[in-house]
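2 protein chains.
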Amino acid sequence: MTETARGTSLRYGTRPTMKDVAARAGVGLKTVSRVVNGEPGVTPDTERRVQEAIAALGFRRNDSARILRKGRTASIGLVLEDLADPFYGPLSRAVEEVARSHGALLINGSSAEDPAREQELVLALCARRVDGLVVIPAGDDHRYLEPEIAAGVATVFVDRPAGRIDADVVLSDNFGGARDAVAHLIAHGHRRIGFIGDQPRIHTAKERLRGYRTAMAAAGLPVDGSWVSLGSTAPDRVRSAAAEMLAAREPVTALFAGNNRVTVTAVRVLRAHHRPVALVGFDDFELADLVHPAITVVAQDAAHLGRTAAGLLFRHLDGAGEPPRRLEIPTRLIPRGSGEIAPTDG
Amino acid sequence: MTETARGTSLRYGTRPTMKDVAARAGVGLKTVSRVVNGEPGVTPDTERRVQEAIAALGFRRNDSARILRKGRTASIGLVLEDLADPFYGPLSRAVEEVARSHGALLINGSSAEDPAREQELVLALCARRVDGLVVIPAGDDHRYLEPEIAAGVATVFVDRPAGRIDADVVLSDNFGGARDAVAHLIAHGHRRIGFIGDQPRIHTAKERLRGYRTAMAAAGLPVDGSWVSLGSTAPDRVRSAAAEMLAAREPVTALFAGNNRVTVTAVRVLRAHHRPVALVGFDDFELADLVHPAITVVAQDAAHLGRTAAGLLFRHLDGAGEPPRRLEIPTRLIPRGSGEIAPTDG
DNA sequence: TAGCCCCTAGACAACGTTGTCAAATGCCGG
DNA sequence: CCGGCATTTGACAACGTTGTCTAGGGGCTA
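Those protein sequence lines, which keep their order, are chains G and A.
The end of the first sequence is residue 408 by the working numbering, with every number in the run present.
The end of the second sequence is residue 408 by the working numbering, with every number in the run present.
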């Protein structure tokens, strides 16, 4: 009773195929396919024989071949800045949940804020023929995606709009959130308010700055050039920017931090400062209420962003031929203490 | 000058193939393949014509077909508990970096601590023919992976060992870290120390408990049954467990928290408590030093775990036929204040 | 019992790429 | 001017799956 090596036992590095299963079960190739895919038209007895062969050989369908044949991959890609950033974890998770509920797998990659790497990743995902893409853009020119979108790759941008192409985008209300935050500080009596934000080429940074200026203007307050500092969110840069604003002859009495990394550094700086300074941060973070004083923030709902974007994506994949849309997710001001500190004039 | 629809312009949902490129460039199929893959043996003039056709058609190689033909997918899978957990973000990112440096893509999924979902995800990844897997196991029986491993899917477990199969695993020194944490509390005078940990079926929870017991025993201290509470890390459960230990007739004077979620809840509970209680947590978290008192922790290096695991994976993929190994990454006690509070006896 | 239909099952082509091999071309030396 | 060699190029099969189409067998009706 000798048998060929293939089709009877597992040889390291060689995987059984439907052909092997068919040979072992004594049926045709297509019958195995039917059983594997739960298609009708197979008698219980045949099905049992096939199932046994599958189990015995440890067969697993090769999805590459399936994808090649069917054209759909049941997978979507997510390109974001940095998975290690606490803002993106929940977003990614939310996208994954939606994908899962549609039977799709999520492939993701980090662009590290590098436009070239973003493009490289996106195109690698397209080469894998993902059905759709959720992109948190690092670059500001996405024309390289035109052939992909034309070829039917559903694409949704999140957190920042696409550059130079017309595509779906899901954003937080950065402008409104920032305006509310600064208005909140003004309502508590502040007149000299500093803003430390991210690099101005980033859309969210620009919008938040616009919100800051709008709130100040609405209250009839002037904005001194030294109160605004945009740039890297590296702790050193933020630290010196904050120090400068606080050491001026007429120092700011409140700070509005442009994102969670800035907020955290600002907390450290203010802790060491001799006079209480109010602080409102954009982005919530897990322990904001444990710090003393607890940090008042403008919270954006990362999971909501992700869910919305993925939802939009699958609506496209399910055939809705809607034109590109721009959705805005509202933000929420959460007063916790640090934003309600009264101005202390020197 | 009419041309066929395919091969001249983009029709929605139809992607050009090498055949189309070849037709447009007036060359053979294989020549296109050579150009796309940068293989030698193509004259500059031919190459230019092919490149032009590629650009004109917006051609992108179909990696599904390539994978089917070549057998290798240049992608690895990562299955973890929850991407939204701050511990896993950096781990995932580290794995991705290593994958990237080897030219591989990372596909990941969250198991949500559900063994069935873990298996489902892992097998889906195997069906995609990932070259390797990094798994943070939720279940405790991984025999379902045997055919895959036999078929050559390199597999490395992280954070917790595999169940019932022999496979590579990269762990933190949970036992040693916990022992050190508790010894630290004992050194500061504590004799009644509570331990609140994760569900006992989880390997890390067991190891940390073992470390706790070992440190207590080494100091000749008894352990009252009411001082140990294992179970869900949901805030409610942790809150009531802590409350019970603190309300006893002889209350604990220090708490050792079994992971970051427990620590955070413990901080909230202790903040509301009338008497200072020392606290050491397993897992560092970003703002541990901003809380007052700053939280003393046993830090595990998630990125280091990820890098090590991925490194091991690629060593296997690059052909090293080493037997399964078990690597332990040391932990580090970081005293910040909360763990140095002296016992206050009631 | 013939005729029909339904149900199960398998043969075959196709998906888009790459490896193999052979043909065609051009160049060299004799 | 011819044989031989190197270089460029293309025809063809194969990867493992699924869609289509057809064959065969069994049961039903007339």
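We put the CB at the ideal spot given by N, CA and C, even for glycine.
Where residue i sits in the DSSP three-state scheme
i, result
"Glu101/G", "coil"
"Leu271/G", "helix"
"Ala115/G", "helix"
"Ile198/G", "coil"
"Asp260/A", "coil"
"Ala216/G", "strand"
"Arg398/A", "coil"
"Arg211/G", "Rather than Arg, the amino acid found at residue 211/G in this sequence is Ile. Helix."
"Ile255/G", "strand"
"Arg311/G", "coil"
"Arg377/A", "helix"
"Val83/G", "helix"
"Val184/G", "helix"
"Tyr74/A", "With a pLDDT of 49 at Tyr74/A, under the threshold of 50, the predicted position of this residue should be treated as unreliable, and no value is reported."
"Glu390/A", "strand"
"Ser294/G", "coil"
"Thr406/A", "coil"
"Val244/G", "helix"
"Val285/A", "coil"
"Asp107/A", "helix"
"Asp228/A", "coil"
Where residue i meets chain G, residues with beta-carbon distance less than 7 Å
i, result
"Pro152/A", "Ala146"
"His265/A", "By Cβ distance, chain G contributes nothing, its closest Cβ being about 23 Å from His265/A, past 7 Å."
"Ala186/A", "Leu167"
"Val97/A", "Correct list: empty, because the minimum Cβ distance to chain G is about 15 Å."
"His354/A", "His354"
Interface residues of chain G facing residue i [CB-CB closer than 8 Å]
i, result
"Arg155/A", "Asp144, Leu145, Ala146 and Ser172"
"Asn124/A", "Leu130, Ala189 and Arg191"
Under 9 Å from the C-beta of residue i: neighbouring residues of chain G
i, result
"Asp363/A", "The contacting residues do not exist; Asp363/A stays about 13 Å from chain G at best."
Chain-ordered chain A contacts of residue i [CB-CB under 8 Å]
i, result
"Gly120/G", "Glu208, Pro209, Glu210, Ala212 and Ala213"
Supposed contact pair residue j and residue i - C-beta distance, whole angstroms, cut 8 Å
i, j, result
"Leu332/A", "Val339/A", "5 Å"
"Leu435/G", "Pro262/G", "In the structure as shown, chain G starts at 63 and stops at 408, and residue 435/G therefore has no counterpart that could be examined."
"Thr217/G", "Gly194/G", "7 Å"
"Ile138/A", "Ala115/A", "In fact, because the Cβ distance is near 34 Å, the residues do not count as touching under 8 Å."
"Val197/A", "Val141/A", "5 Å"
"Val324/G", "Ile258/G", "5 Å"
"Val192/G", "Val215/G", "7 Å"
Listed by chain order, chain A residues near residue i by CB distance under 7 Å
i, result
"Arg77/G", "Ala213"
"Ala127/G", "Leu130"
Within chain A, the residues that residue i reaches when beta carbons sit closer than 9 Å
i, result
"Glu440/G", "For residue 440/G there is no data in the structure shown, the boundaries of chain G being 63 and 408."
"Leu349/G", "Val326, Val329, Phe347, Glu348, Leu349, Ala350, Leu352 and Val353"
Any non-hydrogen atom of the ligand FMN closer than 8 Å to residue i Cβ
i, result
"Gly259/G", "Looking for the ligand FMN in the displayed structure turns up nothing, as the structure carries no ligands at all."
May I have a chain-ordered list of the beta strand (DSSP E) segments no shorter than 3 residues that lie completely inside the segment 129-176 of chain G? 137-142 and 167-172
In chain order, what are the residue ranges of uninterrupted alpha helix (DSSP H) at least 4 long that sit wholly in the segment 317-365 of chain A? 322-333
Taking 8 Å as the cut-off, does the segment 176-189 of chain A touch the segment 149-164 of chain A (at least 3 CB pairs, one atom from each stretch)? no
Does the segment 368-388 of chain G come close enough to the segment 342-349 of chain G that 3 or more CB-CB pairs lie under 8 Å? no
Okay, do the segment 310-322 of chain G and the segment 250-261 of chain G touch, 3+ Cβ pairs below 8 Å being the bar? yes
If contact is defined by three or more beta carbon pairs under 8 Å, each pair taking one atom from either stretch, is the segment 167-174 of chain A in contact with the segment 143-151 of chain A? yes
For the 8 Å Cβ check, are there 3 or more pairs between the segment 104-118 of chain A and the segment 109-129 of chain G? no
Spell out a yes or no on whether the segment 282-289 of chain A and the segment 363-370 of chain A are touching, meaning 3 or more CB-CB pairs, one atom from each, closer than 8 Å. no
Report yes or no: do the segment 194-208 of chain A and the segment 352-362 of chain A share at least 3 C-beta pairs separated by less than 8 Å? no
Meets three-Cβ-pair contact criterion under 8 Å: the segment 296-303 of chain A and the segment 268-277 of chain A: no
Sufficient close CB pairs (3 or more, under 8 Å) joining the segment 233-242 of chain A to the segment 392-407 of chain A: yes
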